[in-house]
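Notes follow once the structure below has been shown.
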Amino acid sequence: MPGSNSNRCLIENCAEVQAVQKALVFDKSKSLKYHIVESLEWSWGLKKGSLDLDIPQNFFFLGASLHQMYREWKWVLIPEASALDQFLDPDFLWSYGRGEFPEVKENTFKYMFQPVFDMEDVYITRVSDEDSRRVDIHEYPFDKFPVITSTIDPRFAILHVGQMLATSAFELSIKRELRSKYPWLAQLEQLYFSWVALVPREALKDPTYMPRPDGYVSSGSESSGSEVYVEVVYFERERGRESAYSSSAGPSTAPPMLPHHTVQHEVVPDIRPHFDAFDELIQGEVAQLTHHALQKQDDRTDLQPSKWTTSRISSWALANACTIPPSPKKSIKPSNLNKSRRKEPRAR
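If you want it as structure tokens, here you go:
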């Protein structure tokens, strides 16, 4: 089946001998959100650290040129509207929450091949699904390109298209044209932004999100909400076997300190400061500089003015003061030294 994750190119349906490469549907390395995997795990109802992106549902095969163009978002795979409906709460038209997030049960899904930019001079040849001896040629804008059936999980296609729509690298006219052609892209963007949002502060207290070690027994105090579950890594140093470092040719040398670590799981009091929308750093992201944020800054007594004042300049000068070394003694210039050593000419 050409639409499955066989080794044939998903778009051209050509054999793998024609420089066909394995391609990721969603590549996390293209995201600027370092926490995106943790966010997806939280949004999709998974345990922290359990999401594996190197699975068959997140890759397909492409010819080398199409692969490069796909990575540059010159074309995308648009999932059908029905593929999005399973993730949307019909009452709110927003993504299901962590507790209600559905499990993807279908095996195959349908996608539309959609050029995005810089594809006007590109044509695509595709081996016919019915007759392998027939090759169809498709030209821009590829309106007659067949619908593609694939085992690609629509969640990863949603992430790839959502990244493209969220980036500022594309002109608004390009995105406006895509939204006009596919009205359900508005719901796709909602799913994307919902899934990649920051993990809430309460996630570390959620036993369905934080992994538990084998044999872990809760003390019952976690339900109070005042403690969090953490993994503590202890680094220690120990000496290796002395015989391995002794030499018969000379005195034995002391073995070096060998590092090793142990992991323990503990429940500790939650003493983290509370963050709100004003705080500058929430999981590595910078808050927006809004009028509301500036007003809240006026109420912060722990912030110091950044401008230079007389006292701050004086403190800086004292902290960086140094003793000026004495100037070196004046030495005789080489020209004068040579002149003093010059011998008088002998009288003939």
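To convert a position in the sequence shown, counted from 1, into the numbering used here, add 7.
The C-beta atom is built at its ideal place from N, Cα and C for all residues, glycine as well.
- Going by DSSP, Trp202 is part of the alpha helix (DSSP H) stretching over 192-202.
- DSSP places Pro218 outside both helix and strand once states are collapsed to three, so it counts as coil.
- The beta carbon of Lys37 lies closer than 7 Å to those of Gln170 in the same chain, with the five residues before and after it left out.
- By the beta-carbon neighbour count (other beta carbons within 10 angstroms, threshold 16), Val203 is buried.
- Within the same chain, and ignoring the five residues on either side of Ala193 in sequence, the residues whose Cβ sits closer than 8 Å to its Cβ are Arg186.
- If you draw a straight line from the Cα of Lys40 to the Cα of Glu137, it comes to about 43 Å.
- DSSP links Glu107 through a beta bridge to no other residue.
- Between Tyr118 and Ala173 a beta carbon distance of about 20 Å is seen, past the 8 Å cut, so the two are scored as non-contacting.
- Counting only residues of its own chain and dropping the five nearest sequence neighbours on each side, Asn14 has a CB closer than 6 Å to the CB of Glu23, Phe68.
- Checking the DSSP bridge columns, you'll see Asp96 partnered with Trp101.
- Residue pairing by DSSP places Ile131 opposite His145 in a beta bridge.
- Note that the C-beta distance between Arg133 and Gly52 is not below 8 Å.
- Here the region 115-129 makes contact with the region 75-93; the two share three or more CB pairs at distances below 8 Å.
- In the DSSP annotation of this structure, Gln64 is not part of any alpha helix (DSSP H), being labelled neither H nor E.
- When rounded, the separation of the alpha-carbon atoms in Ile62 and Ala324 is 59 Å.
- A Cβ-Cβ contact shorter than 8 Å links Asp160 with Asn65.
- DSSP places Lys37 in no beta strand (DSSP E); its state is neither H nor E.
- Taking C-beta separations shorter than 8 Å and ignoring five residues to either side along the sequence, the partners of Ile18 in its chain run Leu69, Gly70, Leu73, Phe120, Ile131, Arg133, Ile155, following chain order.
- Inclusion of Pro207 and Lys54 in the CB contact set at 8 Å is not warranted, their separation being larger than that value.
- At a Cβ-Cβ threshold of 8 Å, Phe116 and Pro86 count as neighbours.
- With 16 or more other Cβ atoms inside 10 Å of its own Cβ, Arg162 counts as buried.
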